[in-house]
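Per the working numbering, the sequence shown starts with residue 615, numbered consecutively. Let me begin by presenting the structure, written as structure tokens, before commenting on it.
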Amino acid sequence: MNCQYPGDPPSRLNFISDLIPVGTIKKKLFYLLPNRVPEQEEPPETFTSHLSILKTQFPSQRHELWKMSKIHLEKHLKTAHPTEPVSLIFTAGQKAERTLQCLAKGLASSFSSAFNTSFLHIDGKSKADQDSDNVKLDIDSQLQAAFEGEKPVAIIHRLEELPPGSTLIFYRYCDHENAAYKRVFLLFTVLLPQDEIQEEKSLKEVEEMVQDYLKEKLVDSNNQAAFDIMNNDKFSGLWSRISHLVLPVVSEVEVEKQGC
């Protein structure tokens, strides 16, 4: 549309167009326009994009793993003021040990990408023979530093290997409404004693397997009531806080050979 009104002086652009081919003008005008800043993705979209890439790297996983983890974590990302942290458990058999760790790191990285941050990784197996109270204090210190810094995601790898009493610290971080930090994600992994988790096992059956195994590993055989010892009641409280979603991981041939 020509917006020049009668009596107005000829536009400079019209004058130039008589001398320079139209195509050249378009090119020059393009460079005169301010740079277009690409729209920045919202956190849920960023997470979904990274999750889609992760899915291609772990093609053997169950459909439910991708579907349920996406729903579970997206809901948290879309909540403006979360009232509790988000957590889930990945579990696998012995033949999927590397896959379990690599997939956990991949999911943590995907979630962290929504905030352009990194994640904390705590290895339970490396702490198995340490003093329970010291481990508890160390985990508390690491989680606090991460969540108050630039790491809103923490992987607790091989939860079953932690000294039993030290796991009581997760009461503080995974409580339904009184958790110390709410806009954070805690990802637990548990390596089961069997070779693989059978494909026909339902998610409910997998959850029960993990619950039974953790109870066997963490609960004191005498069921003592001391404040720093894990007993049946305390385990029930812990389990209710961390078991919102339990997902089975199966082995990926290439990952088991080469690692992450």
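For every residue, glycine included, the Cβ atom is placed at its ideal position computed from N, Cα and C.
Cutoff 7 Å; reference residue i; Cβ partners in own chain excluding five residues on either side
i    : result
S727 : T660, F661 and H664
P696 : H690, K796 and R797
V869 : R712, T713 and C716
M682 : L859 and L861
T638 : A caution first: T638 carries a pLDDT of 48, below 50, which makes its placement in the model too unreliable to give a value.
A718 : F704, I769, H771, L801 and T803
D737 : H771 and R772
A760 : L734 and A768
K739 : R772 and E775
G707 : L806, Q808, D809, E810 and I811
Y619 : Note on Y619: pLDDT 38, under 50, position unreliable in the model; no value is reported.
Cβ shell of residue i (< 8 Å), same chain only, five flanking positions each side left out
i    : result
A793 : E698, P699, R786 and Y787
G851 : Y785
A742 : E775, L776 and P777
V636 : With a pLDDT of only 48 at V636, under the threshold of 50, the placement of this residue in the model should not be trusted; the figure read from the coordinates follows. Answer for V636: no residue qualifies.
L817 : E678, M682, V860, L861 and P862
From the options, residue whose alpha carbon lies closest to that of residue i
i    : options                   : result
E814 : L691, V867, P862 and E762 : P862
L687 : L859, F849, C874 and S674 : L859
M844 : S723, K750, L801 and S740 : K750
V833 : F849, E821 and E819       : F849
K692 : L757, P658 and I811       : P658
F799 : Q812, L757 and S835       : L757
S723 : S857, S740, Q872 and S666 : S666
H790 : S857, A706, S740 and Q708 : S857
Distance, residue j Cα to residue i Cα
i    : j    : result
R676 : L734 : 26 Å
E656 : L679 : 23 Å
H771 : F704 : 9 Å
E866 : R855 : 30 Å
M823 : A694 : 35 Å
P673 : E830 : 32 Å
E775 : W853 : 16 Å
L721 : N846 : 31 Å
P807 : D826 : 12 Å
D745 : D752 : 11 Å
F725 : K684 : 10 Å
C874 : L668 : 12 Å
S805 : L828 : Before going further, note that residue 805 is Leu rather than Ser in the sequence given. Spanning the two alpha carbons is a distance of roughly 10 Å.
E810 : T670 : 21 Å
V820 : L702 : 13 Å
Q872 : N836 : 42 Å
Proximal residues to residue i (C-beta, below 6 Å), its chain only, five neighbours per side dropped
i    : result
V864 : S674 and A710
D754 : I783
The ligand HEM heavy atom lying under 7 Å from the CB of residue i
i    : result
R786 : Of ligands this structure carries none, so the ligand HEM is not represented either.
Checklist entry - Which full runs of the beta strand (DSSP E) of 3+ residues lie inside the segment 703–762, going along the chain? => result Taking only runs of at least 3 residues, the beta strand (DSSP E) segments lying wholly in the segment 703–762 are 733–737.
Next on the checklist: Does the segment 761–781 come into contact with the segment 715–734, if we say contact requires no fewer than three beta-carbon pairs (one atom in each stretch) closer than 8 Å?
Outcome noted: yes
Item to check | Inside the segment 776–830 only - alpha helix (DSSP H) runs reaching at least 4 residues | outcome: 784–788
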